[in-house]
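Listed in order, the protein sequences are those of chains A and B.
The first sequence: position 44 = 44 (the working numbering), numbered continuously.
Heads up, the working numbering is the position in the second sequence plus 1000, with the first residue counted as 1.
See structure below.
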Amino acid sequence: MKKVLLAPIDPVHDIGLKMMARAIEDAGHQIRLLQPDLSPEEIIEQVIRYDADVLLVSRTLGYGVAEILARFIDLADASGLREQMKIGIGGMAIRPEFAAELGFDAGFGPGTQAAEVVCFIEGREYCQPLGKNSKTKTDMTVGYDYQIIHPGIAAKLGSITERLLHWLKGKTSPGVKRARIRHELWDVDRWRARQDMDMFTAEYSRECGDIPRKFFTEGELHPKTRRLTVNEVRNFETYLRSLSGRMPVKNLRHTRKKPLVFNQYGTGCPFMDIGHILASQAWGADGVIHFDPSWGARTEGFLEGFLTHQEDGTVITPANLNRIHSAIDPSTLWQVRAHRGLNTPETVVLAGKIGADLTKINICYGALGAGTDPERMTVDGYHSMLFARQYNLPFDVVTNEELAGVPAYKAFAGMLIVASLGVRIGARPILQPLFAYSPEAMLRGIMEDNYIDYNAAKVFALRAIMNAPVWPGAPIGFLTHTEDRIQSAMTTALHAALASSLNVDAISIASTDEAYSGGPITVPAKIDTLRAVAESFRFFGHAEIAPTQAANSMADELLSGIEVVLAEVESKGNFVDALLAGCLGSRSDGAYPGRTGKDTVSTEKL
Amino acid sequence: MVDPLGQVLDALDVETFFVCENEAEGRSYMLSLLKKWGFSDVDIVFAQHEGLGVRVRGRAYVYRPADRYQWLAPRETTP
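Spelled out as structure tokens, the structure:
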């Protein structure tokens, strides 16, 4: 037990010191806390009288701090106390470097933990707790039975799904064939052991487009990529090893269990990505989403090797995914997006084999907003869901076609058809409404008063239709962000608070660079929004944000609209025809049926 | 000693308030300042001018993806 004297060298402030005094006493030491506004001479006199082992002084006010503390330490020297006891200084005005310069034994600045001070008193080294065991992976689909509650919508979805399944029978594509080859011939353990994969490569390259075929036959790389060098890889491995054991995993959800917080990475460089992922984990992200380049979605087949890319989006290769996966903490969820292009089914297979937890599939967005031919996207999307079931990967069904201008009720009808098809074949879809200031909302002026009602209405409507997990995205607050980091962090935090209040299962958040298009997203910009979201969760706890009555009427309007759209799709008789006819988003809405992969669907001999 | 700039993971942001007549003037001050400090890959992330001056954030990318990063290399010291 040590005798500890605590003295504020400050006219008024001593709250921090009182909190420390309690913690020191709880740790079993004897304490005496002096009042504020004593002169250095009076404090020294008290120290001598008390015969303390340790003296802790504090200073909150910044003005005159250097002079008064220098005078104090001179007095302590002159009285011989410096030789007999440890003297620490803390408070809002204190920086550790400054304390050391003045001659204090320790300096405790803002954010100091009581345990640090106790360790100083007891002469022990302080080790920051990593909280490694405070998080475990959560399966957000648990507890949902996917029952369709709305009778009118249930009947229409049932009919559309059955017809779609009938249409899909026997249909295949180069993407489906590659996914099957990857599924059957590519053994991840053998690949990791660098064993011969010739049979896979020979079969696979035959189903690839020009870029991957040239890669396999001539070793030619995509012009925007380069191989990482052996030295770079070695250095990276060393760097990762040096990090192991000191990487914290933070929980930012405060007292609620939901929502899980995801952010995305995809700088182009797997090394830089891992830096982003590790920082995201350390600042509280529950999951990370792999973002690949747009050309990857328009290329038949994947490249191989440890490749870095000069532009936005990190190239999907087995080596890139494998290295990224191995650096992710076991408690962090990893989503690899498959949703929109010619490699959708194979992405699911590759992600599943390498160890992803989630994927992303939406036929309608891929066909209407991402440039893929509707027929091809429908066939590939269906097979992707079959693989997602097989690899135990829940997937979100994103409604990004809203960002092109498609009204929410049409995008939701499409999302529900895809989700319904997924449920029908035993997969686990997650509904992903956009929490966004969408073009529809702008044109109709339905968010002029607030950003709460329409976003809440979307969740109310979906919950009135299907008992399924809801994961607003992507990212929440889309089109409300500006380049100002304060505003950007604030709008993300408020949308996160709304999502939390609505008790949704997960959210995808942007960085504060969301609206900045001049260069790659930076790590500090990601930390900005994670910090802001954590603060919003701390602020609201279990308290809720109350939407106005308008949210209920907006939800009713969405439900009616969805039912009308589903009736139109049903009347078309064929889902692909409905996509082409604009039932789920028309050209005048801003949705254009894609052309990539046109005429590549074929019928297999059964 | 390790070059601290090389330990920047990606970019260096500088935020300040310039007393100036308009946004364009404030933006040019920031870009000039960053270039004067030796940065070449520079940009303005955000600027807002009101009345007496501009609140501005400039950015200098130390590394872009696919560069070779000092923070990954074994620690090398310079005398």
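C-beta: ideal position from N, C-alpha, C; glycine also.
In the DSSP output, what is residue i paired with across the bridge?
i, result
"residue 473 of chain A", "A:434"
"residue 1012 of chain B", "B:1060"
"residue 398 of chain A", "A:432"
"residue 1055 of chain B", "B:1017 and B:1048"
"residue 334 of chain A", "A:288"
"residue 227 of chain A", "A:307"
"residue 3 of chain A", "A:30"
"residue 555 of chain A", "Paired residues: none, contrary to the question."
"residue 90 of chain A", "A:58 and A:108"
"residue 372 of chain A", "A:596"
Indicate whether residue i and residue j have their beta-carbon atoms separated by less than 7 Å.
i, j, result
"residue 179 of chain A", "residue 349 of chain A", "yes"
"residue 437 of chain A", "residue 446 of chain A", "no"
"residue 461 of chain A", "residue 150 of chain A", "no"
"residue 355 of chain A", "residue 325 of chain A", "yes"
"residue 33 of chain A", "residue 21 of chain A", "yes"
"residue 1008 of chain B", "residue 1062 of chain B", "yes"
"residue 500 of chain A", "residue 256 of chain A", "yes"
"residue 468 of chain A", "residue 265 of chain A", "no"
"residue 78 of chain A", "residue 5 of chain A", "no"
"residue 456 of chain A", "residue 543 of chain A", "no"
"residue 317 of chain A", "residue 302 of chain A", "yes"
"residue 59 of chain A", "residue 9 of chain A", "yes"
"residue 118 of chain A", "residue 27 of chain A", "yes"
"residue 608 of chain A", "residue 565 of chain A", "The structure shown has nothing for residue 608 of chain A, since chain A only spans 1 to 606."
Which residues in chain A sit within 8 Å of residue i, going by Cβ to Cβ distance?
i, result
"residue 1048 of chain B", "484"
"residue 1045 of chain B", "483, 485, 513, 516 and 518"
Helix, strand or coil: which one does DSSP assign to residue i?
i, result
"residue 263 of chain A", "strand"
"residue 1043 of chain B", "strand"
"residue 106 of chain A", "strand"
"residue 444 of chain A", "helix"
"residue 175 of chain A", "helix"
"residue 535 of chain A", "helix"
"residue 427 of chain A", "coil"
"residue 466 of chain A", "strand"
"residue 359 of chain A", "strand"
"residue 523 of chain A", "helix"
"residue 1076 of chain B", "Any answer about residue 1076 of chain B is weak, because its pLDDT of 48 lies below 50 and its placement is not dependable; what the coordinates show is given next. Coil."
"residue 328 of chain A", "coil"
"residue 9 of chain A", "coil"
"residue 54 of chain A", "strand"
"residue 578 of chain A", "helix"
"residue 603 of chain A", "strand"
"residue 164 of chain A", "helix"
"residue 593 of chain A", "coil"
"residue 506 of chain A", "strand"
"residue 478 of chain A", "strand"
"residue 347 of chain A", "helix"
"residue 610 of chain A", "Residue 610 of chain A is absent from the structure shown; chain A starts at 1 and stops at 606."
"residue 484 of chain A", "coil"
"residue 200 of chain A", "helix"
"residue 1006 of chain B", "helix"
"residue 318 of chain A", "helix"
Assuming the contact rule is C-beta atoms closer than 8 Å, residue i and residue j should be a hit. Round their C-beta distance to whole Å, please.
i, j, result
"residue 367 of chain A", "residue 175 of chain A", "With a Cβ gap of about 13 Å, residue 367 of chain A and residue 175 of chain A do not count as contacting."
"residue 231 of chain A", "residue 511 of chain A", "The Cβ separation is near 30 Å, so there is no contact."
"residue 506 of chain A", "residue 536 of chain A", "At roughly 15 Å, the Cβ-Cβ gap does not stay under 8 Å, so residue 506 of chain A and residue 536 of chain A are not in contact."
"residue 1018 of chain B", "residue 1054 of chain B", "5 Å"
"residue 331 of chain A", "residue 249 of chain A", "5 Å"
"residue 427 of chain A", "residue 490 of chain A", "That pair is no contact at about 37 Å."
For a contact meaning CB atoms closer than 7 Å, what does residue i contact in chain A?
i, result
"residue 1009 of chain B", "275 and 523"
"residue 1027 of chain B", "Within 7 Å Cβ-Cβ: nothing; residue 1027 of chain B doesn't reach chain A, min ~12 Å."
Determine the chain B residues that contact residue i at a beta-carbon separation under 9 Å, and present them in chain order.
i, result
"residue 320 of chain A", "Within 9 Å Cβ-Cβ: nothing; residue 320 of chain A doesn't reach chain B, min ~12 Å."
"residue 309 of chain A", "1065 and 1066"
"residue 492 of chain A", "Residues of chain B passing the Cβ test: none, with the nearest at roughly 16 Å."
So residue i contacts chain B; which residues on that side make the cut at Cβ distance below 8 Å?
i, result
"residue 271 of chain A", "1069 and 1072"
"residue 226 of chain A", "1066"
"residue 232 of chain A", "1068 and 1072"
So which residues of chain A does residue i contact, with C-beta pairs closer than 9 Å?
i, result
"residue 1013 of chain B", "485, 522, 524 and 525"
Give me the chain B residues within the contact set of residue i, using Cβ-Cβ distance strictly less than 7 Å, ordered along the chain.
i, result
"residue 563 of chain A", "Under the 7 Å cutoff, chain B gives no residues; its nearest Cβ is about 44 Å from residue 563 of chain A."
"residue 267 of chain A", "1065"
"residue 239 of chain A", "1072"
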